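**Student:** Below you'll find the structure I mean.
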Amino acid sequence: RFLNPVRYMKWRMSKIDTGRGVYEMCSTQCEKQLWLSQDAKLESNFQAWFSLVVLHMWMHGVRLRAEGQPGKDMNQEIVDHLWLDVEIQLSKAGGCVRFKIDSTVQGLLSEYYGQILAYDEGLARGDGVFSAAIWRYSAIININRSSLFTIQFLLVSNFRQQLTMLDHTPTSDLLSGKFSFQR
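For reference, each letter of the sequence shown is one residue, going 1267 to 1449 in our numbering.
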């Protein structure tokens, strides 16, 4: 790092670029999962987008935890890109002054940690608890209540499949961003 700062900066920029690519993969899952918007009547708004992005980041992060420090570093890059993107989207929404963006981001940070903890608990305790976490955040994203149980079953089974796929993804592909979520 100190002996060859140019090589260190190239390595660092490569990590940032890879983290951005993985983050974009997580953030575009909302548009790619059409069944979710059709069956669940998911609204297309910032809150729904944020909740689903956090869920996909959590799935990827669960797998990264098994990789030790390289996984932790990659997860941090992805989280950094989330908050940068959140600030950009909030400022694009218009009329937001810096103070308003900061207070909104603080609220979203609390929601982020709450979601991560709820999904971790669901992973540890089983599908019932995981389904309850989805229920909790479905209130936020306005899932149609009449079909909620069907939607919850689809969500839990879909995300279990995604986690299994990520579990079988080679470490090198996971850390380099050369994987994709199933559709």
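Even for Gly, the Cβ is constructed at its ideal location relative to N, Cα and C.
Since the model is a prediction, treat every value here as computed from it, not as a measurement.
Would you mind working out which of Asp1386, Gln1355, Gly1380 and Phe1419 sits nearest Ser1397, comparing C-alpha positions?
**Tutor:** Position 131 of the sequence shown, counted from the first residue, corresponds to residue 1397. The residue with the shortest Cα to Cα distance from Ser1397 is Phe1419.
**Student:** Taking the alpha carbon of Gly1380 as the point to measure from, which residue in Ala1390, Asp1351 and Ser1317 has its own alpha carbon closest?
**Tutor:** Position 114 of the sequence shown holds residue 1380. Closest by alpha carbon: Ser1317.
**Student:** When the Cα atoms are used, what is the spatial distance from Ser1369 to Asp1339?
**Tutor:** To locate residue 1369, count along the sequence shown from 1; it is residue 103. To locate residue 1339, count along the sequence shown from 1; it is residue 73. In a straight line, the C-alpha of Ser1369 is about 27 Å away from that of Asp1339.
**Student:** Only counting the same chain, and skipping five residues up and downstream in sequence, which positions put a Cβ closer than 7 Å to that of Gln1428?
**Tutor:** If you number the sequence shown from 1, residue 1428 lands on position 162. The answer, listed in chain order, is Met1325, Phe1447 and Gln1448.
**Student:** Exposed or buried, which one is Gly1388 when buried takes at least 16 other CB atoms within 10 Å?
**Tutor:** Residue 1388 sits at position 122 when you count from the first residue of the sequence shown. Result: buried.
**Student:** Whose C-alpha, out of Gly1394, Val1371 and Gln1342, is nearest the C-alpha of Arg1286?
**Tutor:** The count along the sequence shown starts at 1 and reaches residue 1286 at position 20. Among Gly1394, Val1371 and Gln1342, the Cα nearest to that of Arg1286 is on Gln1342.
**Student:** Would you mind working out which of Phe1312, Lys1281 and Met1279 sits nearest Thr1294, comparing C-alpha positions?
**Tutor:** As a first step, residue 1294 is located in the sequence shown; it is residue number 28 there, counting from the start. Considering only alpha carbons, the answer is Phe1312.
**Student:** Give the straight-line distance between the Cα atoms of Leu1383 and Thr1430, rounded to the nearest whole angstrom.
**Tutor:** Within the sequence shown, numbered from 1, the residue matching residue 1383 stands at position 117. Within the sequence shown, numbered from 1, the residue matching residue 1430 stands at position 164. Cα-Cα distance, rounded: 20 Å.
**Student:** When DSSP labels each residue in this structure, what does Thr1284 get in the three-state scheme?
**Tutor:** Along the sequence shown, read from residue 1 onward, the residue named residue 1284 stands at position 18. In the structure shown, Thr1284 sits in a helix (DSSP, three-state: H, G or I).
**Student:** What does the alpha-carbon distance come out to for the pair Asp1351 and Val1272?
**Tutor:** Residue numbering aside, residue 1351 sits at position 85 when the sequence shown is read from its first letter. Residue numbering aside, residue 1272 sits at position 6 when the sequence shown is read from its first letter. Each residue's Cα considered, the two are about 27 Å apart.
**Student:** Hey, is Asn1311 close to the ligand HEM, as in C-beta under 7 Å from one of its heavy atoms?
**Tutor:** In terms of ligand content, the structure shown is empty, and the ligand HEM therefore cannot be addressed.
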